[in-house]
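Written out below as C-alpha cells is the structure these notes cover.
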Amino acid sequence: MSLPADVGPAARVIEQPFGVEGACGARNGSRPRIDPLRSVGGGEQTRQTGDRAGRRRGAHPADEPLPRRLLTISDIVEHWLDTHHPDVIAIERVFSQQNVSTVMGTAQAGGVIALAAAKRGIDVHFHTPSEVKAAVTGNGVAGKDQVTTMVTKILALQAKPTPPDAADALALAICHCWRAPMIARMAAAEAKAAEHRKKFASKMKAAR
Numbered sequence: 001m002s003l004p005a006d007v008g009p010a011a012r013v014i015e016q017p018f019g020v021e022g023a024c025g026a027r028n029g030s031r032p033r034i035d036p037l038r039s040v041g042g043g044e045q046t047r048q049t050g051d052r053a054g055r056r057r058g059a060h061p062a063d064e065p066l067p068r069r070l071l072t073i074s075d076i077v078e079h080w081l082d083t084h085h086p087d088v089i090a091i092e093r094v095f096s097q098q099n100v101s102t103v104m105g106t107a108q109a110g111g112v113i114a115l116a117a118a119k120r121g122i123d124v125h126f127h128t129p130s131e132v133k134a135a136v137t138g139n140g141v142a143g144k145d146q147v148t149t150m151v152t153k154i155l156a157l158q159a160k161p162t163p164p165d166a167a168d169a170l171a172l173a174i175c176h177c178w179r180a181p182m183i184a185r186m187a188a189a190e191a192k193a194a195e196h197r198k199k200f201a202s203k204m205k206a207a208r
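full-length UniProt numbering applies: residue 1 is where the sequence shown begins, and numbers increase by one.
This is how it looks when you write it as C-alpha cells:
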C-alpha cells in the first residue's frame, strides 16, 4: 500500500498527543486513556521519503501547574514546526462522556498546537479515532494491536513503532494523507456552491 499521488510533494503531519497511559488503561478495546499534559509526541509522514517515527518528548511531573505544562507543549511543538516545516497538521479529535478530565486536557493541548500552526499559516485538520482506525485498518473499532500492525506494514517498517502510542501518531499521519484529496475536493465543492448561491441571490435581488 502506498500514499496517494496527489497528496502533495511533502505532506507532513504531526499528531497530538501520544502520551502516558493512565491507570485505567484500555477498556473494551478502546484507546487507552492518557494524560496529554504529561507527555507529548508526534509522527511525521512524507510521501517522498517514507516516515519518521514518533518521538516521546517533554515529559514532566503531573503535579506541575497547568500553565507550565501547556508552555512545555508549546515550546516542543514550535520547535518541531520550525524544524520540519510541515505543510499540514492533523490532530486527533477526542471526545468522551465518561472521562471529561482527559478530554479537557487533550483539548487544551490540541488548542496549543493548533494555535502554533495557525501562527505559521499551517492548515490544521481534525480526525476522530474511528476515522483513523478505518483509514488504516478498514475497521473503525480496531484495537491498538491491529492499528500498530497495519502501520508497520503500510510504512514497510522493520519493526513496530515504539513506544506503542507512536503507532497512533503515524496512523493519524497516514489517515490524513489518504483523506487529504477528498477533503480538498469537498472544500472546493462547498466554495463553488457558495458562489452559486451568491450569484443566485444577486439575480433575485436584481429581478425585484
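C-beta: ideal position from N, C-alpha, C; glycine also.
| Check | Outcome |
| --- | --- |
| Within 8 Å, strictly: CB atoms of H127 and H176 | yes |
| G110, buried or exposed, once every other Cβ within 10 Å from all chains shown has been counted against 16 | buried |
| Distance between beta carbons of T148 and A167, contact taken as under 8 Å | 4 Å |
| C-beta contact flag for L70 and V100 at 8 Å | no |
| C-beta atoms of A117 and V124 nearer than 8 Å | yes |
| One or two residues paired with I91 in a DSSP bridge | F126 |
| Residue from G121, W178 and A171 with nearest C-alpha to K153 | A171 |
| Residue ranges of each beta strand (DSSP E) within the region 110-177, 3 or longer | 123-127 |
| Spatial neighbours of Q146 in its chain, beta-carbon cut-off 6 Å, leaving aside the 5 residues before and after | T137 |
| Cβ neighbour criterion (16 or more within 10 Å) applied to A187 | exposed |
| Rounded C-alpha distance that separates V132 from K119 | 26 Å |
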